[in-house]
Each structure stands twice: as C-alpha cells, then as structure tokens.
Amino acid sequence: MILGLLSGVGHLPAELADAVRQQGYEVVAIGVVPEIDPGLFSAADVYYDINIGKIGKIISTLKKHEVTHVTMIGKVSKEVLYKAGAIVPDLRAIKLLASLPDRKDDTIMNAIVKELEGEGIEVMDQADLIKPLLPKPGVLTKRAPTPEELADMEFGFEVAKSLGGLDIGQTVVVKNKAVMALEAIEGTDACILRGGFLGCGGVIVAKTAKPNQDKRFDMPGFGANTVKSMVSAGATGIVLEAGSTIIADREKAIKLADENNITILVK
C-alpha cells in the first residue's frame with residue numbers, strides 16, 4: 011500500500027515514515043513548510059517540497075503516485091500563513107480560504123481534508139499508524155512530581171482542555187495555580203518561553219488534546235525540542251495526555267529531562 015505523508019516540522023514525520031515502512035507501506039512524503047527534518051528525506055521512498063499553499067500541486071503529486079491514503083503529521087505553524095511572502099497560494103488554495111467562515115485550526119484542516127477526500131484520497135488517523143509513540147499513564151522520568159507540582163499539573167491540565175475546546179491552542183504554562191501563558195498562533199515553544207519569563211521560572215507546562223480531537227491531524231506532540239524550551243524557561247515539569255500525545259525521540263527527550271531534573275507525567 012502507498013501512503014502519502016504531508017509533513018510539517020519536527021522529527022515525528024521521519025519516525026512515522028520509518029514505522030509505517032516496517033509495516034509494509036511505501037511512503038510518498040511531501041514537506042509542506044520550510045525546515046523539514048532531513049531525516050525524512052531518507053525515511054521516505056519518495057520526497058517532494060511543495061508548500062502548503064500549493065494545494066492543487068500537492069493533490070496532483072499524490073495522484074501521480076496513485077496515493078489513496080494520506081496522513082498529516084508535524085508542526086505547521088499558523089505563523090507561516092500570515093508571514094508576508096512565506097506562501098504564495100495557488101488558485102485552488104485561494105478559493106478554499108475564501109470559502110472559510112473563520113481561520114481556526116480545525117476549520118482550515120477540515121477544509122483541506124475535504125479537498126483531499128473529494129479527490130478520492132482518504133486521510134487516516136495518526137493514532138492508528140503510530141500507537142507505539144502514544145504514551146500510557148505514569149511518570150516517565152526518574153523524578154516524580156512533588157505535591158505542589160502535581161497540584162499545578164491538575165490545574166494546568168483542565169485549563170489546557172478548556173483552551174483546546176476553543177480551538178486556540180493546546181499548551182498552557184502555570185505556577186501556583188495561576189496561568190502564566192496560553193498558546194495561540196506562536197506555538198508551544200514560544201508559549202513555554204513566555205510563561206517561564208513571566209513566572210520567573212519554577213513553572214509547570216500542560217499539553218493536552220482538544221476535547222473533540224480529530225486524530226487525523228493536529229495531535230499534540232512532545233519531544234526533545236520541547237524539553238529544551240522548558241530548560242530555557244526554568245520549567246520543572248510537564249503533564250501530557252495519555253493516548254493522545256505523540257512523543258518523538260522518546261529516549262532522548264526523557265534523558266534530557268532527567269539531566270535537568272524535569273519531571274514528566276502522563277495522565
């Protein structure tokens with residue numbers, strides 16, 4: 011079976027490509043934003059750079075390879091959509107964007123899914139393809155949360171769920187049950203850095219799926235780069251949602267957290 015992989019940034023797309031090729035898939039990967047992880051170039055059978063604004067070209071490329079199933083994985087920041095000159099949309103993308111009632115993440119992604127499925131290309135659930143990367147409940151690090159950290163994690167988890175319900179972001183930063191930062195267009199890492207600055211360190215990060223998460227796209231991810239941002243922010247811990255968070259470079263991320271006395275809880 012041939013699988014199309016529409017890739018954002020980060021190492022997850024390469025990990026997914028490796029995993030599904032071991033399952034017998036042939037992978038046709040398309041990098042839709044700049045700065046794609048170079049690991050994807052060798053992990054895929056075929057690789058193309060086609061920016062997200064060229065929807066017509068993306069679809070025609072998939073059809074050229076007789077792709078009937080795709081998955082979308084990796085971070086595609088909405089900053090790209092608003093950065094002058096970063097994307098020059100084709101006519102199909104212009105028509106699609108003009109038809110949208112708003113520019114929320116789910117609105118945009120569901121419109122792209124509709125375009126793909128209208129061409130006979132089914133968008134698969136990420137979770138069905140990468141179950142080994144979805145963590146189970148428990149503490150992943152050597153250090154467990156303190157009672158104070160655990161209280162902030164519980165608080166932050168609920169706030170993150172509420173934020174996700176508004177389709178704004180999936181990450182919050184808290185300290186002493188006060189919100190330091192909420193993720194919006196800037197993305198997870200910038201949110202963590204801002205929250206750490208405002209909280210003067212000692213903060214807790216919470217990252218969850220949306221209450222009605224569409225597992226075909228935009229599942230929350232966590233990895234070594236997130237831990238690096240936490241170190242810079244002076245964060246002492248993070249809580250993630252079991253079964254709904256994709257962990258890239260798991261061993262590397264946990265090792266880095268242990269080296270910096272950061273605790274990781276999955277609930």
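Heads up: the sequence shown at position 169 corresponds to 179 in the working numbering, and the numbers run straight through without jumps. Note that beta-carbon positions come from the ideal geometry of N, C-alpha and C, so glycine has one too.
### Query
Between Lys64 and the rest of its own chain, which residues show a CB-CB distance below 6 Å, the 5 nearest in sequence each way excluded?
Position 54 of the sequence shown, counted from the start, is the residue given in the question as residue 64. So the list reads Asp100, once near-sequence residues are dropped.
### Message
In the DSSP output, which residue or residues are listed as bridge partners for Thr181?
### Response
What you label residue 181 is simply residue 171 of the sequence shown in a count that begins at 1. Answer is Lys217, bridged to Thr181.
### Query
Between Gly211, Leu203, Ala216 and Cys210, which lies nearest to Leu173 when the distance is taken from Cα to Cα?
Taking the sequence shown and counting its residues from 1, one reaches residue 173 at position 163. Taking only the C-alpha atoms, the option nearest Leu173 is Ala216.
### Query
Quick one: what's Glu36 bridged to in DSSP?
Taking the sequence shown and counting its residues from 1, the one referred to as residue 36 is at position 26. Answer by DSSP bridge pairing, in chain order: Ile12.
### Thr117 - DSSP class collapsed to helix/strand/coil
Locating residue 117 in the sequence shown gives position 107, counting from the first residue. In this structure, Thr117 counts as helix in the three-state DSSP scheme.
### Message
Spatial neighbours of Val241 within its chain, please: C-beta separation below 6 Å, excluding the five flanking residues on both sides.
### Response
Stepping through the sequence shown from its first residue, residue 241 is reached at position 231. Result list for Val241: Asn270, in chain order.
### Task
Enumerate in chain order the residues of its own chain whose CB-to-CB distance from Glu25 is below 7 Å, with the five nearest sequence positions on each side excluded.
The residue you call residue 25 lines up with position 15 of the sequence shown. Non-local beta-carbon contacts of Glu25 in its own chain, meaning distances under 7 Å to residues more than five positions away in sequence, involve Leu143 and Ala258 in chain order.
### Query
What are the residues that DSSP puts in a beta bridge with Leu192?
Within the sequence shown, residue 192 is the residue found at index 182, counting from 1. Per DSSP, Val182.
### Task
Consult DSSP for Val237 and reduce its assignment to one of helix, strand or coil.
Locating residue 237 in the sequence shown gives position 227, where the first residue counts as 1. Correct three-state label for Val237: helix.
### Query
How is the beta strand (DSSP E) around Leu275 delimited, first residue to last?
Translated into positions along the sequence shown, residue 275 becomes position 265. Segment Thr273 to Val276, the beta strand (DSSP E) holding Leu275.
### Task
Would you mind reading off the limits of the beta strand (DSSP E) that contains Ile83?
Position 73 of the sequence shown holds residue 83. Residues His79 to Ile83.
### Query
Contact check, Ile264 vs Ile274 under 8 Å by CB: the rounded distance?
One-based indexing of the sequence shown puts residue 264 at position 254. One-based indexing of the sequence shown puts residue 274 at position 264. Contact between Ile264 and Ile274 holds, since their C-beta atoms are separated by about 7 Å, short of 8 Å.
### Task
If I'm right that Glu159 touches Thr246 with Cβ under 8 Å, what's the distance once you round it to whole angstroms?
As a position in the sequence shown, residue 159 is number 149, starting the count at 1. As a position in the sequence shown, residue 246 is number 236, starting the count at 1. So it is a contact: roughly 6 Å between Cβ atoms.
### Query
How should Ile272 be labelled, buried or exposed, when 16 other C-beta atoms within 10 angstroms of its C-beta is the threshold for buried?
Locating residue 272 in the sequence shown gives position 262, where the first residue counts as 1. Looking at its Cβ environment, which holds 16 or more other Cβ atoms inside 10 Å, Ile272 is buried.
### Which listed residue (Phe227, Ile60 and Val56) has its alpha carbon closest to that of Asn120
Residue 120 sits at position 110 when you count from the first residue of the sequence shown. Minimum Cα distance to Asn120 is reached at Phe227.
#### Entry: Same chain, Cβ closer than 6 Å to Asp47, five either side skipped, listed in chain order
Here residue 47 corresponds to residue number 37 of the sequence shown, with the count starting at 1. Closer than 6 Å at Cβ, skipping near neighbours: His21 and Ala24.
### Buried/exposed call for Gly209, threshold 16 Cβ in 10 Å
Translated into the one-based positions of the sequence shown, residue 209 becomes position 199. Classification of Gly209: buried, given that the 10 Å Cβ count is 16 or more.
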